[in-house]
Amino acid sequence: MNEHATVGRAPRRFRGTVLGALFFCAVVTACSGTAPDPGPRFDDETTGGVVTELTCMKHQPRAPGRRYTDEKLQRTDETLALLRYYTANGAKPYCDGNDLTDIDRQWVDLYLGLGADAGNVERR
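All residue numbers for the sequence shown refer to the numbering used here, where the first residue is 2 and numbers rise by one.
Shown next as structure tokens:
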């Protein structure tokens, strides 16, 4: 009679393995969701992390994104690269001879919002 009671049911060890695998898959799926795009990185015109002396600046192609505006996503290395670039080059002309664009203005505003000296980005 006991034999008939277990017919159609998986052995306890097998059920535990299946439930464990399903739980693992659920956790992996929940943790591997793609995070929203944090936006572009500031182009500090370094080559392989090496800073070179610039005579002019290039325009930034994209506006700052959440990686710079959301405190939870901000990284010190990325913020310092932005600060270093404008501190050293912010008053230099743009290489194409034009003034800053709306996108460049957003980066400059971000630079100033981080507490940097406005004198570093004044056009002379």
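Note that CB positions come from ideal geometry on N, CA and C, so glycine has one too. Everything numeric in this text was worked out from a predicted model, so none of it was measured.
Item, Value
"So which of T53, F43, G49 has the shortest CA-CA distance to P62?", "F43"
"Quick check: the Cα distance between L55 and P94, rounded to an integer number of angstroms?", "10 angstroms"
"Specify, as a first and last residue, the run of the alpha helix (DSSP H) that Y86 falls within.", "77-90"
"DSSP three-state label for T48, please.", "strand"
"What do you get for N90, buried or exposed, if any count of 16 or more other CB atoms within 10 angstroms of its CB means buried?", "buried"
"State buried or exposed for L111, treating a residue as buried only when at least 16 other CB atoms are found within 10 Å of its CB.", "buried"
"Using the rule of at least 16 other Cβ atoms within 10 Å of the residue's Cβ for burial, across every protein chain shown, is T119 buried or exposed?", "The amino acid occupying residue 119 in the given sequence is Ala; Thr does not appear at that position. Classification of A119: exposed, given that the 10 Å Cβ count is below 16."
"So L83 and P39 are supposed to be a Cβ contact under 8 angstroms. How far apart are they, rounded?", "Contact doesn't hold; Cβ gap of about 14 angstroms is too wide."
"Who does Y95 pair with in a DSSP beta bridge?", "M58"
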